[in-house]
Amino acid sequence: MPKRVRTGLTRSDILDRYIERFKQQLVKFQPFLSRKRGLASLEDFDEAAEELIGQVFGAASDEAESYFYAKTGESAILPEEAQESGTHNVERESLHQRRHVLESCLADLELRRRLHATRTGKGIETAFVKDYMSHDVRSIHKDATIKQGGQLLQKHKVGSLIVDDGSRYIGIITDSDLIRRAVAKGLDPNTATVASCMSRSLITIEEDESLADAMSLMKKQGIRHLPVTADATIIGVLSVSDLLRAFEDQRST
């Protein structure tokens, strides 16, 4: 049996290294978005990005699957005007989807790093969900098409939509759902409905709960968007980005 070698690296050290590697990867990606000629080809970049995601999150992870569909361009659900412009915009959207996946991976690692700091006594002080949640509740009807859902996400520049049946909220759909569920299932975005790929279990948290409770709930459920309620009525959404903003605010005080 091979001898296990201790590297001397702490959990914080490992997370810091992963974070730095994803930051470097995003810097390397900029020339592709700005149409500048880079030293590496897009194929080489994709290979390196997929290898990094596989090392950090696992080759069969949601993150790896999302990047694969972003790379192949199958995850792009474009506005009408972009589709009418042809292949170029599809390829452009595929690039933006790649960046989105990498940024999402980075945000996840940064949150893990800050959560670890919290457990070791270096994190944010007590704060409430209502102090950092988004008060805009963007919703969509369950019978709307997946394409309409993607367009609405892009229009409002949000990562999730609350799904309703005309009288009450019944689920939530995120940009990741569109990639991992809709595309992976081979659903036609022009005919398949939001209900076919939404998360039906609507996990919520009350506005007067602490951010620590919200973080624990999101980690336990493996979610990045948490609807916020006041007396059981949804009044906002808390996302991973909001949590990171809370940590940044604390660090600057």
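In this text, residue positions in the sequence shown follow the working numbering: the first is 19, and each later residue adds one.
Where is the CB? At the ideal position from N, CA and C, for every residue including glycine.
As the structure is a computational prediction, the values presented were derived from the model and not from experiment.
Mark residue i as exposed unless 16 or more other C-beta atoms lie within 10 angstroms of its C-beta, in which case mark it buried.
i	result
Ser-52	exposed
Gly-76	exposed
Val-23	Residue placement at Val-23 is flagged as unreliable, the pLDDT there being 43, under the threshold of 50; a coordinate-derived value is accordingly withheld.
Lys-175	exposed
His-114	exposed
Asp-195	buried
Lys-89	buried
Glu-81	buried
Asp-193	buried
Glu-109	exposed
Ser-178	buried
Ser-84	buried
Ala-264	buried
Gly-254	buried
Ala-250	exposed
Val-147	buried
Ser-234	exposed
Ser-228	exposed
Val-212	buried
Over the uninterrupted alpha helix (DSSP H) stretch that includes residue i, give me the two end residues.
i	result
Thr-90	80-90
Leu-170	164-174
Asp-182	First-last for Asp-182: 178-182, but that is the beta strand (DSSP E), not the alpha helix (DSSP H).
Ile-71	60-75
Please determine, among the options, the residue with the shortest C-alpha to C-alpha distance to residue i.
i	options	result
Leu-133	Met-151, Gly-254, Ala-232, Pro-245	Ala-232
Leu-33	Leu-124, Glu-224, Arg-116	Leu-124
Thr-247	Ser-112, Leu-220, Arg-131, Ser-178	Leu-220
Asp-260	Glu-68, Ser-79, Tyr-150	Tyr-150
Tyr-36	Ile-71, Val-119, Ile-191, Phe-47	Ile-71
Ser-30	Ile-190, Ala-67, Glu-128	Glu-128
Arg-116	Phe-146, Asp-64, His-159, Ala-145	Asp-64
Leu-171	Ile-191, Asp-182, Lys-160	Ile-191
Ser-112	Glu-225, Phe-50, Ile-158	Phe-50
Lys-41	Ala-66, Glu-121, Ala-78, Gln-169	Glu-121
Leu-256	Glu-266, Asp-267, Leu-244	Leu-244
Does residue i come out as helix, strand or coil in the three-state DSSP assignment?
i	result
Leu-220	coil
Glu-102	In this predicted model, Glu-102 has a pLDDT of only 48, less than 50, meaning its place in the structure is not dependable; the value taken from the coordinates is given anyway. DSSP places Glu-102 in helix when its eight states are reduced to three.
Pro-245	strand
Tyr-36	helix
Thr-25	Annotation note: pLDDT 47 at Thr-25 (below 50); position unreliable, coordinate value reported separately. It is coil, neither helix nor strand.
Ser-152	strand
Ser-185	coil
Ser-228	strand
Leu-205	coil
Beta strand (DSSP E) containing residue i: first to last residue?
i	result
Ser-157	157-159
Ile-275	Past the edges of the chain, shown from 19 to 271, lies residue 275, and the structure says nothing about it.
So with Cβ pairs under 7 Å, would you call residue i a contact of chain D?
i	result
Asp-161	This model lacks chain D altogether, as it is built from one protein chain only.
Checklist entry - Should the segment 198-206 be regarded as contacting the segment 180-189, the criterion being three or more beta carbon pairs within less than 8 Å? => result no
Checklist entry - Taking contact to mean at least 3 C-beta pairs separated by less than 8 Å, is the segment 201-210 in contact with the segment 154-170? => result yes
Next on the checklist: Within 8 Å, do at least three Cβ pairs link the segment 145-154 to the segment 60-67?
Outcome noted: no
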